[in-house]
Amino acid sequence: MTPPEDLPRSRGGAESRGAAPAAGPNAPVALIDLLDRLLAGGVVIAGDLTLRIADVDLVRIDLRALISSVNENVPSPFEPGPAGSGLVRGSVE
Amino acid sequence: MTTPPGGRLTYAYAVLRSGSLPDAELCGVGEAPVDTVTEGPLAALVSTVPAAEFGQAEVHERLEDLRWLEATARAHRRVVDEAADAVCVLPLRLITVYRDEDAVRGALAEHAARFERLLAELDGRLEWGVKAYTQAPEDRPEPYGPPTSSAGSGRDFLRRRLRDRQVREVALQEADGLARTVHQTLEDAAERSHLHRPQDARLAEAVGSTDGADGGAVPRGRNVLNGAYLVPRERASAFAETVAELAARSPALRLELTGPWAPYSFTELPEDTDRSTP
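These protein sequences, in sequence, are chains A and B.
Quick note: the first sequence, position 11, residue 472 per the working numbering, numbers continuous.
Quick note: the second sequence, position 122, residue 760 per the working numbering, numbers continuous.
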């Protein structure tokens with residue numbers, strides 16, 4: 462059976478499949494990975510309607526968390542920050 | 639924006655060279671057939687969408703509907719990535735909508751220089767995603783039992799809680815260090831890299847639950863690296879092997895490779911920030 466989001470296999474993906482840890486290149490794409498790219502990436506040009514991060518702020522609570530995760534004002538975890546900041550900053554539950 | 643006759647708007651997916659268009663028939667948002675709008679050396683992949691869904695006010699409402707957002711995002715990606723399989727494409731931001739094809743031509747003309755430079759920059763390259771997770775908590779040794787395992791005073795309980803927390807913090811710091819090493823190695827294996835924010839576990843779960851194909855039940859641990867790497871097509875296999883080697887060398891992390899993607903995360907010219915002359 463072909464997964465719904467299967468990618469064409471005419472390039473590197475196919476032969477690298479066995480080597481890929483966990484999800485391979487041909488695995489179905491998780492929505493969160495898609496939104497990482499589609500809400501934060503892509504060329505922004507003025508359309509008659511262009512989605513801006515600010516537009517999505519009204520979106521329901523779980524999406525609000527996503528938007529803050531792609532907001533440019535939030536510092537990258539790899540850049541030097543205040544002491545104690547870093548990849549593991551935040552509460553450990 | 640005023641609704642055109644017929645109530646259809648034009649959704650633009652990607653920009654590409656008019657001399658190298660994909661042969662495949664692509665299917666866009668709402669299963670609409672994808673068309674090409676050409677302006678000189680540039681072209682855009684477009685389809686029509688109902689104004690009743692994609693007008694400014696309507697989109698604001700619809701964005702609150704995760705299923706609508708997912709359907710739109712998957713359709714957008716399908717068009718962009720299927721085209722990217724064959725030719726160099728420049729993905730546009732999700733939901734870039736024009737009143738008609740003439741307005742798309744206008745945008746192509748207006749931004750022609752930027753599009754040309756980006757297409758030259760990205761030609762022959764695709765994006766790969768690599769995420770690293772801490773191993774799920776149940777896979778890690780838990781030196782202290784659950785609070786109900788033995789009788790003890792409230793103070794013992796609090797002390798155990800504190801120690802548990804310290805153990806987890808140390809584990810996360812180790813994972814942090816390993817993730818940096820993974821990222822540095824992949825940076826060297828790629829032409830460019832871009833770090834996305836680590837994904838929030840609760841959000842991944844919430845979003846994943848709408849996605850039947852994803853099997854959201856797998857415990858994922860904490861996301862400590864969410865990187866995108868721009869890799870020449872011919873080096874895709876070598877890059878995937880590097881990821882596999884890193885996974886083998888870093889048992890404390892679980893690595894996930896996704897892709898190939900169109901170059902969504904590399905649509906800004908690297909020199910844009912410090913360029914003083916055209």
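The C-beta atom is built at its ideal place from N, Cα and C for all residues, glycine as well.
A quick note: this is a predicted structure, and the numbers were derived from the prediction, not measured.
Check: So what's residue 903(B) in DSSP terms, helix, strand or just coil?; Outcome: helix
Check: Quick check on residue 867(B) - is its C-beta less than 9 Å from some C-beta in chain A?; Outcome: no
Check: Would you kindly check if the distance between the Cβ of residue 816(B) and the Cβ of residue 866(B) is under 9 Å?; Outcome: no
Check: Is it the case that the Cβ atoms of residue 687(B) and residue 509(A) are separated by a distance below 9 Å?; Outcome: no
Check: Drop a sphere of 10 angstroms on the beta-carbon of residue 684(B), count the other beta-carbons inside from all chains shown, and report buried for 16 or more, exposed for fewer.; Outcome: buried
Check: Kindly indicate if chain A contains any beta-carbon less than 9 Å away from that of residue 737(B).; Outcome: yes
Check: Along the beta strand (DSSP E) that carries residue 735(B), what are the first and last residues, could you check?; Outcome: 727-736
Check: Kindly indicate if chain A contains any beta-carbon less than 9 Å away from that of residue 903(B).; Outcome: yes
Check: Please confirm if residue 712(B) has its CB atom under 9 Å from at least one CB of chain A.; Outcome: yes
Check: When burial is assigned at 16 or more other CB atoms within 10 Å of the CB, is residue 907(B) buried or exposed?; Outcome: exposed
Check: What are the boundary residues of the beta strand (DSSP E) that includes residue 653(B)?; Outcome: 646-655
Check: Establish whether the CB of residue 674(B) and some CB of chain A are separated by less than 9 Å.; Outcome: no
Check: Do we get a CB-CB distance below 9 Å when we pair residue 717(B) with the residues of chain A?; Outcome: no
Check: Is it buried or exposed for residue 900(B), if we count other Cβ within 10 angstroms and need 16 for buried?; Outcome: buried
Check: Tell me, please, which residues DSSP counts as bridged to residue 866(B).; Outcome: 767(B) and 832(B)
Check: Sort 667(B), 742(B), 658(B) and 696(B) by Cα distance to residue 724(B) and report the nearest one.; Outcome: 658(B)
Check: Select from 653(B), 668(B) and 674(B) the residue whose C-alpha is nearest the C-alpha of residue 662(B).; Outcome: 674(B)
Check: Got a sec? Which residues, its chain only, sit under 8 Å from residue 831(B) by beta carbon, not counting five neighbours each side?; Outcome: 821, 824, 825, 865, 866, 867 and 868
Check: Is there at least one Cβ from chain A nearer than 9 Å to residue 852(B)'s Cβ?; Outcome: Confidence at residue 852(B) is low in this model, with a pLDDT of 45, below 50, so its placement is unreliable and no value can be given for it.
Check: Skipping 5 residues on each side, what residues in its chain have a beta carbon closer than 7 Å to that of residue 860(B)?; Outcome: 771, 772, 810 and 839
Check: Nearest by alpha-carbon distance to residue 501(A): which of 762(B), 808(B) and 730(B) is it?; Outcome: 730(B)
Check: Just verifying my parser: in three-state terms, what is the DSSP assignment at residue 545(A)?; Outcome: The pLDDT assigned to residue 545(A) is 31, lower than 50, so where the model puts this residue is not dependable; a value taken from the coordinates is nonetheless given after this. It is coil, neither helix nor strand.
Check: When you compare the segment 881-894 of chain B with the segment 712-727 of chain B, are there three or more beta-carbon pairs, one atom per stretch, that lie closer than 8 Å?; Outcome: no
Check: Beta strand (DSSP E) containing residue 673(B): first to last residue?; Outcome: 673-677
Check: How many angstroms separate the CA atom of residue 792(B) from the CA atom of residue 807(B)?; Outcome: 23 Å
Check: Against chain A, with Cβ distances strictly below 9 Å, would residue 801(B) count as a contact?; Outcome: no
Check: Out of curiosity, what's the CA-to-CA distance linking residue 499(A) and residue 767(B)?; Outcome: 13 Å
Check: Look up residue 663(B) in the DSSP assignment and say whether it is helix, strand or coil.; Outcome: coil
Check: Please list the partners that residue 678(B) has in chain A, where partner means a Cβ-to-Cβ separation under 9 Å.; Outcome: Ordered by position in chain A, no residue passes the 9 Å Cβ test against residue 678(B), which lies about 16 Å from the chain.
Check: Can a CB atom of chain A be found closer than 9 Å to the CB of residue 725(B)?; Outcome: no
Check: Where does residue 683(B) fall in DSSP's three states?; Outcome: strand
Check: Buried or exposed, going by whether 16 or more other CB atoms sit within 10 Å of the CB of residue 753(B)?; Outcome: buried
Check: Interface residues of chain A around residue 729(B) at Cβ under 9 Å?; Outcome: 498, 499, 502, 503 and 504
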